[in-house]
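Asks:
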Amino acid sequence: MWHSTERPSTILIERQDGTIYDLGKMGFGVVSFNPPSANWQHTWQQVGKYRASLTNSEVQQTTIPLVLDAFATDNYDMELQRLMLRQIFMSDEYFYVISMRTPYLRWKCVAEAFDITQLDNYHKLKSVSISLLCIDGFAESTATTQTPFTYDSESWGIGENLPNGVDLNYTFTTPSFKVYNASIIPLRAEEHPVTITFQGVVASSLSIENATTGQTFTLSRALTASDSLILKGLVPIVNGSQDYGASNHAYLDLAVGWNEFKITGASSFTISFDTRFYY
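Residues 16 to 294 in the working numbering are what the sequence shown spells out, letter by letter.
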């Protein structure tokens, strides 16, 4: 039987199957959880004897240190806590870490091996230090752009770069519109693809242009009102099957901030953008 002394909610671990572990309510005291900045790796080219030129910068995985305390009623209870920690941080697949200080953000992580050591003659674990390897290098919003941007939704928070006094829409029915990327990074199709869903009537050819990035995706085929086109990353999906051959092999990114879009060749359509934001 699992025993715990309930503490305030501090850190949640969310597994891919939807299971959520509330470390505080399970009796684990969170000593510290301090996500660092993005882990930028730089490439340099030496220019002469006294100067180097920065040629490239890339974000690598970053390590987030998590330190926990655990108490038990007896040695048997202590062993149960060891087993539970192993289960919570099982890293055969990634999981999400959410701090209740900013419950609208989450980190996609796996855990490196960690020690679970009991103090001598005392029913307490030595502070457990867990290195969480953040796969993307950034936190992401728990909500997506298909979640309402309202106070009632309780899904968005301060610091997410959302413009004040502006109604943010991500579903459109007009040929020209603007899409806002609140991330601190561009959303590129090969890295953080935005799911673009189009449904409408196309006589022969459809073009979706992002004038801000200078990209235009074209699909050279007719579509009816019952057809569905989904763009996620580099491959267009029509009615559940890839249709790369009918496209111009282009893709669509979102720059940071506002992106100006234009639709040509379609009538009576709806287009929507579904993504998370990254910080």
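For each residue, glycine too, the CB sits at the ideal point set by N, CA and C.
1. Exposed or buried, what is Met105 when buried is set at 16 or more other beta-carbons lying within 10 Å of its beta-carbon?
2. Is Gln56 buried or exposed, if buried means 16 or more other CB atoms sit within 10 Å of its CB?
3. What is the rounded straight-line gap between the Cα of Gly44 and the Cα of Gln76?
4. Nearest-angstrom Cα distance between Ala226 and Glu275?
5. For Arg121, which three-state DSSP category applies?
6. Using the Cβ count rule (16 or more neighbours within 10 Å means buried), how would you classify Asn176?
7. Where does Ala261 sit, in a helix, a strand or coil, going by DSSP?
8. Evaluate Leu328 with the Cβ neighbour count: other Cβ atoms within 10 Å of its Cβ, from every protein chain shown; 16 or more gives buried, anything less gives exposed.
9. Relative to the C-alpha of Pro118, which candidate in Ser156, Leu83, Asp84, Thr132 has its C-alpha closest?
10. Return the CA-CA distance between Gln230 and Ser219, expressed in angstroms with no decimal places.
11. For Glu4, name the three-state secondary structure that DSSP assigns.
12. Please look up how many angstroms separate the CB atoms of Thr238 and Pro251, rounded, as I've assumed it's under 8 Å.
13. Nearest to Phe192 by alpha carbon, out of Pro51, Asp89, Gly33, Ile286?
14. Report, in whole angstroms, the separation of the C-beta atoms of Asp37 and Ser24, which I expect to be a contact under 8 Å.
15. What three-state label does DSSP hand Met16 in the structure shown?
16. Specify whether the stretch 240–260 and the stretch 109–127 touch according to this definition: at least 3 beta carbon pairs, one from each stretch, less than 8 Å apart.
17. Measuring alpha carbon to alpha carbon, tell me which of Phe288, Pro178, Thr210, Ile278 ends up nearest Val217.
18. For the stretch 27–42 against the stretch 178–185, do three or more pairs of beta-carbon atoms, one drawn from each stretch, fall closer than 8 Å, so that the two count as touching?
19. Could you tell me whether the Cβ of Phe213 comes closer than 8 Å to any Cβ of chain D?
20. Is Tyr166 helix, strand or coil when you go by DSSP?
Replies: Put simply:
1. Mapped onto the sequence shown, residue 105 falls at position 90. Around the beta carbon of Met105, a 10 Å sphere encloses fewer than 16 other beta carbons of the protein chains shown; the residue is thus reported as exposed.
2. Here residue 56 is taken as the residue at index 41 of the sequence shown, counted from 1. A residue is called buried once 16 or more other Cβ atoms fall within 10 Å of its Cβ, and Gln56, having fewer, is exposed.
3. What you label residue 44 is simply residue 29 of the sequence shown in a count that begins at 1. What you label residue 76 is simply residue 61 of the sequence shown in a count that begins at 1. Distance between the alpha carbons of Gly44 and Gln76: 26 Å.
4. The count along the sequence shown starts at 1 and reaches residue 226 at position 211. The count along the sequence shown starts at 1 and reaches residue 275 at position 260. Answer to the nearest angstrom: the Cα atoms are 5 Å apart.
5. For the purposes of this step, residue 121 is taken as residue 106 along the sequence shown, with counting starting at 1. Residue state, collapsed to three classes: strand.
6. Taking the first residue of the sequence shown as position 1, residue 176 is located at position 161. Sixteen is the threshold: since fewer than 16 other Cβ atoms of the shown chains lie within 10 Å of the Cβ of Asn176, the residue is exposed.
7. The residue labelled residue 261 in the question sits at position 246 within the sequence shown. In the structure shown, Ala261 sits in a helix (DSSP, three-state: H, G or I).
8. Nothing in the structure corresponds to residue 328, since the chain is present only between 16 and 294.
9. Indexing the sequence shown from 1 puts residue 118 at position 103. Ranking Ser156, Leu83, Asp84, Thr132 by CA distance to the CA of Pro118 puts Ser156 first.
10. The residue given as residue 230 occupies position 215 in the sequence shown. The residue given as residue 219 occupies position 204 in the sequence shown. Between Gln230 and Ser219, the C-alpha separation is close to 20 Å.
11. Since the displayed the chain opens at 16 and closes at 294, residue 4 lies outside it and no answer follows.
12. The count along the sequence shown starts at 1 and reaches residue 238 at position 223. The count along the sequence shown starts at 1 and reaches residue 251 at position 236. Note on residue identity: the sequence assigns Leu, not Thr, to residue 238. Contact doesn't hold; Cβ gap of about 11 Å is too wide.
13. Numbered from its first residue, the sequence shown carries residue 192 at position 177. Among Pro51, Asp89, Gly33, Ile286, the Cα nearest to that of Phe192 belongs to Ile286.
14. Within the sequence shown, residue 37 is the residue found at index 22, counting from 1. Within the sequence shown, residue 24 is the residue found at index 9, counting from 1. That belief holds up - the Cβ atoms of Asp37 and Ser24 are roughly 5 Å apart, short of 8 Å.
15. Against the sequence shown, residue 16 aligns to sequence position 1. With a pLDDT of 44 at Met16, under the threshold of 50, the modelled position of that residue is not reliable, and no figure is offered here.
16. Put simply, the stretch 240–260 does not touch the stretch 109–127. Fewer than three CB pairs are less than 8 Å apart.
17. Stepping through the sequence shown from its first residue, residue 217 is reached at position 202. The option with the nearest alpha carbon to Val217 is Ile278.
18. Counting Cβ pairs under 8 Å, fewer than three are found: no touch.
19. Here chain D cannot be found, since the structure has a single protein chain.
20. Counting from one through the sequence shown, the residue named residue 166 turns up at place 151. In this structure, DSSP gives Tyr166 a helical state, which the three-state scheme calls helix.
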